[in-house]
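Counting in our numbering, the sequence shown runs from 4 upward without gaps.
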Amino acid sequence: MPPRLGRERGQLGEAGPRVCPGRTMGGVDDSLDNLVLSARARVLADLVARHQATAVAVSALEEACASRQWWAQQWPEGDVYVAGLVAQDVQDALFEKVGRWPMCLECDDGPVHSLYIQPDLGGPDPVWVCEETGEVAAALGHLSR
Ligand SMILES: [Zn+2]
4 MPPRLGRERG QLGEAGPRVC PGRTMGGVDD SLDNLVLSAR ARVLADLVAR
54 HQATAVAVSA LEEACASRQW WAQQWPEGDV YVAGLVAQDV QDALFEKVGR
104 WPMCLECDDG PVHSLYIQPD LGGPDPVWVC EETGEVAAAL GHLSR
């Protein structure tokens with residue numbers, strides 16, 4: 004009869020299968036932290052490589068890391084996508100506020116164009132790909148200056 008009890012039970016039951024038991028332990032939370040830190044480092048390296056590590060970009064990066072950390076907590080299998088998704092989030096935020104990043108430096112002719120993350124889902128093994136040719140420019144975190 005008490006609906007409150009029933010609802011609480013329901014919530015626990017629903018949360019059960021989604022939450023990896025390890026995630027509640029300190030050790031695995033650390034690995035999630037490390038995952039997000041490493042994603043942050045890779046995207047920051049690419050911002051620095053293109054002289055775009057501005058206050059706007061860094062705060063977009065912090066925001067993206069926080070929201071993707073939350074996202075990875077909800078979906079532990081999503082780990083491999085986190086770095087690429089953070090890069091895409093920052094790319095979108097910069098596009099709205101500053102302009103395109105990162106630009107393609109590989110192509111000599113044609114209009115100036117961007118790189119984008121491949122696979123589009125953000126991973127696994129995210130790389131920057133030329134928008135025009137589809138050629139891989141660099142792995143995420145390894146853009147040339
Ligand atoms: Zn290109």
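Here a beta-carbon is modelled for each residue, glycine too, at the ideal position from N, C-alpha and C. What you are looking at is a predicted structure, and each value in this text was computed from that prediction instead of being measured.
Distance between residue 74 and residue 84, taken at the CA atoms: about 10 Å. No Cβ-Cβ contact shorter than 8 Å links residue 56 with residue 89. Here the residues close to ligand 1, judged by CB distance below 6 Å to any of its heavy atoms, are 107, 109, 110, 116, 133, 135 and 136 in chain order.
For residue 91, no beta strand (DSSP E) run applies; the uninterrupted alpha helix (DSSP H) run containing it begins and ends at 85-100, by DSSP. Distance from the CA atom of residue 121 to the CA atom of residue 100, rounded to whole angstroms, is 23 Å. With 16 or more other Cβ atoms inside 10 Å of its own Cβ, residue 104 counts as buried. When only Cα atoms are considered, residue 108 and residue 80 end up about 34 Å apart. By a beta-carbon distance limit of 8 Å, residue 52 contacts residue 148. Their separation comes to about 5 Å. Counted as a single uninterrupted DSSP element, the beta strand (DSSP E) harbouring residue 131 occupies residues 130-133.
In the three-state DSSP reduction, residue 115 falls in the coil class, being neither helix nor strand. The beta-carbon separation of residue 127 and residue 143, rounded to 11 Å, does not stay under the 8 Å limit for a contact.
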